[in-house]
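Trainee:
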Amino acid sequence: MSALVVYESLWGNTAAIAHAIGEGIGEDTLVHHTGEIEAAEAAAALLLVVGAPVHAFSLPSATTKKSVAERPLAPGDIVPDLSQPPLRAWLEGLPAASGFAAAFDTRVRGPLGHGGASKIEKILVERGYSIANRSQGFYIINEKNVKAEGSMLRPGELDRAREWGRLLASRV
Ligand SMILES: Cc1cc2nc3c(=O)[nH]c(=O)nc-3n(C[C@H](O)[C@H](O)[C@H](O)COP(=O)(O)O)c2cc1C
Numbered sequence: 008m009s010a011l012v013v014y015e016s017l018w019g020n021t022a023a024i025a026h027a028i029g030e031g032i033g034e035d036t037l038v039h040h041t042g043e044i045e046a047a048e049a050a051a052a053l054l055l056v057v058g059a060p061v062h063a064f065s066l067p068s069a070t071t072k073k074s075v076a077e078r079p080l081a082p083g084d085i086v087p088d089l090s091q092p093p094l095r096a097w098l099e100g101l102p103a104a105s106g107f108a109a110a111f112d113t114r115v116r117g118p119l120g121h122g123g124a125s126k127i128e129k130i131l132v133e134r135g136y137s138i139a140n141r142s143q144g145f146y147i148i149n150e151k152n153v154k155a156e157g158s159m160l161r162p163g164e165l166d167r168a169r170e171w172g173r174l175l176a177s178r179v
């Protein structure tokens, strides 16, 4: 396996960014959510890219996902995917490795938007990965727009994600 992008995503925004990063890295890149690939398998990747939405200045947790599960849906809202194993737990199962890695998150702009990618990057470094490029935050707008998958993303962010993927590939 040459490159692998792994993500957690409730409404498809982080998923869309993950797929765009994968396109930028190149054709053979695998893109999976946490339920689709075991962390133990990730060690085989030459480049591992990991991302999640920022929840409460950190990674999604049982508490933040419970709050989402309890939100009433407005007419036309898509149902959030709460079935994906938490990225936090997935990362705990990540074996020590010596390849390249990078972290990203999706977040709002401004002081609220931090605590996701930095946490992922810290764990990747602890496992022994070399960071291919500084962690990136991709921006969402219109947080209440959950009428379609990936509909919160700020215009231009998918292009930025593809560009970042190209940069990561060039560093490996
Ligand atoms: C419970 C909850 C807490 C959130 N907390 C933050 C936060 O602290 N900072 C931030 O920038 N965005 C926050 N957000 C917005 C998420 O980052 C946004 O829902 C996410 O980027 C959407 O990506 P997804 O469709 O892949 O889940 C929060 C969202 C939820 C549901």
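Note that my numbering has the sequence shown beginning at 8, numbered continuously upward.
In this text, a Cβ means the ideal position worked out from N, Cα and C, and glycines have one as well.
Note that the structure is predicted; figures quoted are calculated from it, not measured.
Rounded to whole angstroms, what's the CA-CA distance from Ala176 to Leu101? Just pull it up for me.
Mentor: 21 Å
Trainee: Which of helix, strand or coil does DSSP assign to Ala96?
Mentor: Three-state result, Ala96: helix.
Trainee: Decide if the stretch 30–44 is in contact with the stretch 71–87; the criterion is three or more beta carbon pairs, one per stretch, under 8 Å apart.
Mentor: no
Trainee: Do Gly58 and Ala110 have their C-beta atoms closer together than 8 Å?
Mentor: yes
Trainee: To the nearest angstrom, how far is the alpha carbon of Thr161 from that of Asp112?
Mentor: Thr is not the amino acid found at residue 161; the sequence shown has Arg there. Cα to Cα, the separation comes out at about 13 Å.
Trainee: Who are the Cβ neighbours of Val153 in its own chain at under 7 Å, not counting the five residues just before and after it?
Mentor: Trp18, Asp84, Ile85
Trainee: Should Gln91 and Thr41 be called a contact, given that it needs their Cβ atoms to be closer than 8 Å?
Mentor: yes
Trainee: I'd like the list of long-range same chain contacts for Ile148, defined as Cβ closer than 7 Å, with 5 residues on each side in sequence excluded.
Mentor: Met159, Arg161
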